[in-house]
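S.K.: Let me begin by handing over the structure; questions about it come next.
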Amino acid sequence: MSSTTQNKVCIVIGASHAGVNFAFALRREGWEGEIILYDNDKEFPYHRPPLSKAYLTSEEGTEQSLLFPKENYKTDNIVLKLGIAVNTINKEEKTITLANGSVQQYDKLVIATGARPFLPPIQGLDLAKNVFPMRTAEDAINIRKTINKSLTKRAVIIGGGYIGLETAASLKKLGANVVVLEREERVLARVTAPVMSDFFTQLHQNNGVKILTSKNVISIENKDDHNVVVCDDGTKLNADLIVVGVGIKVNSELAQNAGIVIENGIKVDETAKTNDTDIYAIGDCTYHFNPHYKYHLRLESVQNAVDQAKTAAKAICEQEVVYDTIPWFWSDQFDVKLQIVGLSKGYNQIIIRQEEAKNSFSTWYFKDDELLAVDAVNFAKAYVLGTKFIKSKQKLDKSKISDLSIPFKPNSFLA
Amino acid sequence: MAKITFITSDGNTTIVEGSTGSVMELAVQNKIKGIDGDCGGVCSCATCHVHVNPEQWDKTGAPDELENDMLEFDDNVSEYSRLSCQMKVSEDLDGLILTVAK
Ligand SMILES: Cc1cc2nc3c(=O)[nH]c(=O)nc-3n(C[C@H](O)[C@H](O)[C@H](O)COP(=O)(O)OP(=O)(O)OC[C@H]3O[C@@H](n4cnc5c(N)ncnc54)[C@H](O)[C@@H]3O)c2cc1C
Ligand code: FES
């Protein structure tokens, strides 16, 4: 590093996947000054993906899934201030103000405030009992407690996205009667192709989860010991537990109030820097450019949080760096592992390769001749090979992909 | 307790001790260069790839199907490749020598 960082202070707002990985990466890159992380969540920083998966069906606390062990914060001299919200940023003075009113100076500021669950304007939602989103460890614990306490265990999930479906699968494992209500005509409508929606609908139905689509929830009536969920077509469902999983809202107000440019999230450049030279933003809260796909986007994934964190750490330590990755994501439901690589937006052709084993296949998304993304279901090879093909932009012979007589090898599918 | 040796790509050798969790977690805890564990140990990132000392292959055993599928097309795969997030730390691994994959 050209200039010394010994007496400098780097403050990070948000101590989750993005913020915590950033802090450790910054140390690794050679930052010698202070690193202070603030988060209003009191829980020691943990992995979020397990919350809707293994965590919900286990008895464990988050000790089993900490992002980094507690000792590492000590050995790397990273100060973690939990249960403290940051209220304002003053970029002219280079200070932040905490909820308790105290003011803290920074040299570099990193905003990793992520997102919060979007709570739709459903009549009665705010008054209803046993309604939870699924974002934090506290949410997961509340959901687990409520279902374990209930005798009738009727769970209604509002929203058939990945988090809703994973929660449904986990609640089913806990012995609940689960109904998923989706407003669109199919589950996962925003994020995947109809074949994938059909597959997951079938998977859930085979496991006893009821999936009802084109169901717009308009109100929740609170009875003595349960709720009644009412849809606009007159459907009524009794619920001992309601989980709301209809998407997120970016935590960008803090940045916006400080005069940082917002565009569908906090706008950052290829080094994760905002329009202020000393303020960076990383993770779910950012709107950034993907050089491979050549468009701006916001991503809600661990990959994006971790890789943007590494990018920002390098940039702050004055190394040449450009955020240029092929996004990846996964989801676990029942005995199915879905692995996704790439961004399917804009595809105009789909090719499906069904393996001999049941529940094992891959969906290949093309835009003309370019492979955009692969969804691999219980077939990690397609995920790995898809990653290679997307990166290299090699031309593929599409007709070979679905042909099971062709061995699944890197060179088999080249045009 | 198990003592595990990591040889990193810069030629450094580090011996660490552990009794619980995965080998990936143990490596991250001890800041072993080249082991990131980005996906948190769910077999989706391959940033925890190691080569097992061939003579000790019996200690670790072969990868399961998912892990094998993740490794097969990796540029640096060897006959003795494992994803360290899929290996549990236990007495059985005492004395194990792992080379961190590039
Ligand atoms: C149930 C669930 C399952 C998921 N499963 C997967 C999966 O399988 N694969 C995958 O890739 N991704 C998954 N995700 C998404 C992944 O968890 C997110 O993309 C990731 O958490 C983003 O990290 P982040 O640090 O950017 O934001 P967040 O995790 O949202 O963290 C932001 C932090 O900032 C704090 N904060 C916000 N404002 C302030 C403030 N003013 N002051 C102080 N602190 C503040 C918040 O308390 C929070 O802890 C899942 C998410 C959930 C909720
Ligand atoms: S930590 Fe991601 S595959 Fe091992």
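Chains as they are written, first to last, in UniProt numbering: chain B, 1 to 415; chain E, 1 to 102.
Glycine is no exception: its CB is placed at the ideal position from the N, C-alpha and C atoms.
Expressed to the nearest angstrom, what Euclidean distance is found between the alpha-carbon atoms of Leu254 (chain B) and Asn148 (chain B)?
M.R.: Mapped onto the first sequence, residue 254 (chain B) falls at position 254. Mapped onto the first sequence, residue 148 (chain B) falls at position 148. Roughly 38 Å separates the two Cα atoms.
S.K.: Looking at the C-beta of Lys91 (chain B), does it have a partner C-beta in chain E at a distance below 8 Å?
M.R.: Against the first sequence, residue 91 (chain B) aligns to sequence position 91. With 8 Å as the cut-off, Lys91 (chain B) does not count as an interface residue toward chain E.
S.K.: Tell me where the alpha helix (DSSP H) around residue 422 (chain B) begins and ends.
M.R.: What the structure shows of chain B is the stretch from 1 to 415, and residue 422 (chain B) is not part of that stretch, so it cannot be assessed.
S.K.: How about Leu241 (chain B): is its Cβ closer than 7 Å to a heavy atom in ligand 2?
M.R.: Reading the first sequence from its first residue, position 241 is the one you call residue 241 (chain B). No, the Cβ of Leu241 (chain B) stays beyond 7 Å of every heavy atom of ligand 2.
S.K.: List, in chain order, every chain B residue whose beta-carbon is nearer than 9 Å to that of Glu79 (chain E).
M.R.: By one-based count along the second sequence, residue 79 (chain E) stands at place 79. Glu79 (chain E) does not reach chain B, its nearest Cβ partner there being about 17 Å away, counting only Cβ pairs nearer than 9 Å.
S.K.: Taking 7 Å as the line, does the beta carbon of Glu60 (chain B) fall inside it for any heavy atom of ligand 1?
M.R.: The count along the first sequence starts at 1 and reaches residue 60 (chain B) at position 60. Outside the cutoff, so no.
S.K.: Check whether the Cβ of Ala25 (chain B) lies closer than 7 Å to any heavy atom of ligand 4, and answer yes or no.
M.R.: Ligand 4 is not among the ligands present in this structure, which contains only ligand 1 and ligand 2.
S.K.: Can you give the Cα-Cα distance for Asn100 (chain B) and Tyr38 (chain B), rounded to whole angstroms?
M.R.: Within the first sequence, residue 100 (chain B) is the residue found at index 100, counting from 1. Within the first sequence, residue 38 (chain B) is the residue found at index 38, counting from 1. Those two C-alpha atoms are separated by around 13 Å.
S.K.: Expressed to the nearest angstrom, what Euclidean distance is found between the alpha-carbon atoms of Gly160 (chain B) and Ser301 (chain B)?
M.R.: Within the first sequence, numbered from 1, the residue matching residue 160 (chain B) stands at position 160. Within the first sequence, numbered from 1, the residue matching residue 301 (chain B) stands at position 301. If I take the Cα positions, the gap works out to 17 Å.
S.K.: List the residues that DSSP assigns as beta-bridge partners of Trp330 (chain B).
M.R.: The sequence position of residue 330 (chain B) within the first sequence is 330, counting from 1. Trp330 (chain B) is bridged to B:Gln339.
S.K.: Residues of chain E with a CB under 8 Å from the CB of Gln339 (chain B): which are they?
M.R.: Taking the first residue of the first sequence as 1, we reach residue 339 (chain B) at position 339. Per Cβ cutoff of 8 Å: Ser44.
S.K.: Is Asn30 (chain E) buried or exposed, if buried means 16 or more other CB atoms sit within 10 Å of its CB?
M.R.: Here residue 30 (chain E) refers to the residue found at position 30 of the second sequence. With 16 or more other Cβ atoms within 10 Å, it is buried.
S.K.: What's the call for Gln339 (chain B), buried or exposed, on a 16-neighbour Cβ count within 10 Å?
M.R.: For this step, residue 339 (chain B) is matched to residue 339 along the first sequence. Buried, because 16 or more other Cβ atoms sit within 10 Å of the Cβ of Gln339 (chain B).
S.K.: Of all the options B:Ser58, B:Thr152, B:Asp307, which has the alpha carbon lying nearest to the alpha carbon of Val240 (chain B)?
M.R.: Along the first sequence, one-based indexing puts residue 240 (chain B) at 240. Correcting the residue identity first, residue 240 (chain B) is Asp in this sequence and not Val. Considering only alpha carbons, the answer is B:Thr152.
S.K.: For Thr146 (chain B), does the three-state DSSP call read helix, strand or coil?
M.R.: Residue 146 (chain B) sits at position 146 when you count from the first residue of the first sequence. Helix, per DSSP.
S.K.: Give the C-beta separation of Thr95 (chain B) and Gln104 (chain B) to the nearest angstrom, bearing in mind that I take them to be a contact with Cβ-Cβ under 8 Å.
M.R.: Your numbering for residue 95 (chain B) matches position 95 in the first sequence. Your numbering for residue 104 (chain B) matches position 104 in the first sequence. So it is a contact: roughly 6 Å between Cβ atoms.
S.K.: Measuring only from the beta carbon, is Leu343 (chain B) closer than 7 Å to any heavy atom that is part of ligand 2?
M.R.: What you label residue 343 (chain B) is simply residue 343 of the first sequence in a count that begins at 1. Leu343 (chain B): no, Cβ never under 7 Å from ligand 2.
S.K.: Evaluate the contact criterion for the segment 70 to 88 of chain B versus the segment 27 to 43 of chain B: three or more CB pairs, one atom per stretch, below 8 Å.
M.R.: yes
S.K.: Who are the near neighbours of Gly21 (chain E) in its chain, counting only those whose CB is closer than 7 Å to its CB and skipping five residues on each side?
M.R.: The residue you call residue 21 (chain E) lines up with position 21 of the second sequence. Only Val89 meet the Cβ criterion.
S.K.: Beta carbon of residue 155 (chain E): closer than 7 Å to some heavy atom of ligand 2?
M.R.: Here chain E has residues from 1 to 102 only, and residue 155 (chain E) is not among them.
S.K.: Report the rounded CA-to-CA distance for Ala189 (chain B) versus Ala315 (chain B), giving the unit in angstroms.
M.R.: In the first sequence, the residue the question calls residue 189 (chain B) occupies position 189. In the first sequence, the residue the question calls residue 315 (chain B) occupies position 315. Each residue's Cα considered, the two are about 37 Å apart.
S.K.: Which of helix, strand or coil does DSSP assign to Asn21 (chain B)?
M.R.: For the purposes of this step, residue 21 (chain B) is identified with residue 21 of the first sequence, where counting begins at 1. In this structure, Asn21 (chain B) counts as helix in the three-state DSSP scheme.
S.K.: Between the alpha carbons of Leu83 (chain E) and Gly124 (chain B), how many angstroms are there, rounded?
M.R.: For this step, residue 83 (chain E) is matched to residue 83 along the second sequence. For this step, residue 124 (chain B) is matched to residue 124 along the first sequence. Straight-line Cα distance between these residues: approximately 49 Å.
S.K.: Compute the Euclidean distance between the alpha carbons of Asn87 (chain B) and Ile326 (chain B), then round it to the nearest angstrom.
M.R.: Here residue 87 (chain B) corresponds to residue number 87 of the first sequence, with the count starting at 1. Here residue 326 (chain B) corresponds to residue number 326 of the first sequence, with the count starting at 1. Rounded to whole angstroms, the gap between the alpha carbons of Asn87 (chain B) and Ile326 (chain B) is 34 Å.
S.K.: Along chain E, in chain order, which residues have C-beta atoms closer than 9 Å to that of Trp328 (chain B)?
M.R.: The sequence position of residue 328 (chain B) within the first sequence is 328, counting from 1. Listed along chain E are Cys39, Ser44, Cys45, each with a C-beta nearer than 9 Å to that of Trp328 (chain B).
S.K.: So within the segment 81 to 166 of chain B, which uninterrupted alpha helix (DSSP H) runs reach at least 4 residues, ignoring any that extend past its ends?
M.R.: 137 to 149
S.K.: Could you tell me the alpha carbon to alpha carbon distance between Ser2 (chain B) and Glu318 (chain B), rounded to whole angstroms?
M.R.: To locate residue 2 (chain B), count along the first sequence from 1; it is residue 2. To locate residue 318 (chain B), count along the first sequence from 1; it is residue 318. At Ser2 (chain B) the pLDDT is 49, less than 50, meaning the model places this residue with poor confidence and gives no usable figure here.
S.K.: Terminal residues of the continuous alpha helix (DSSP H) containing Thr75 (chain B)?
M.R.: Taking the first residue of the first sequence as 1, we reach residue 75 (chain B) at position 75. Unbroken alpha helix (DSSP H) run through Thr75 (chain B): 70 to 75.
S.K.: Here's the rule I'm using: 16 or more other beta-carbon atoms within 10 Å means buried, otherwise exposed. How should Asn76 (chain E) be labelled?
M.R.: Your numbering for residue 76 (chain E) matches position 76 in the second sequence. Label assigned to Asn76 (chain E): exposed.
S.K.: May I have all residues whose beta carbon comes closer than 6 Å to any heavy atom of ligand 2, sorted in chain order?
M.R.: E:Met24, E:Gly37, E:Asp38, E:Cys39, E:Gly41, E:Cys43, E:Ser44, E:Cys45, E:Ala46, E:Thr47, E:Cys48, E:Leu83, E:Cys85
S.K.: Between the segment 306 to 314 of chain B and the segment 331 to 345 of chain B, do at least 3 Cβ pairs fall closer than 8 Å?
M.R.: no
S.K.: Alpha helix (DSSP H) containing Ser399 (chain B): first to last residue?
M.R.: Position 399 of the first sequence, counted from the start, is the residue given in the question as residue 399 (chain B). Here the alpha helix (DSSP H) through Ser399 (chain B) covers 398 to 401.
S.K.: Counting pairs of beta carbons, one from the segment 19 to 29 of chain B and one from the segment 126 to 141 of chain B, are three or more of them closer than 8 Å?
M.R.: no
S.K.: Please classify Ile15 (chain E): is it buried, with 16 or more other beta-carbons within 10 angstroms of its beta-carbon, or exposed?
M.R.: Your numbering for residue 15 (chain E) matches position 15 in the second sequence. Its Cβ having fewer than 16 others within 10 Å, Ile15 (chain E) is exposed.
S.K.: List the endpoints of the continuous beta strand (DSSP E) containing Asp375 (chain B).
M.R.: Locating residue 375 (chain B) in the first sequence gives position 375, counting from the first residue. Run containing Asp375 (chain B): 370 to 377, per the beta strand (DSSP E) assignment.
S.K.: What residues from the segment 26 to 51 of chain B come within 7 Å of chain E, judged by C-beta to C-beta, listed N to C?
M.R.: His47, Pro49
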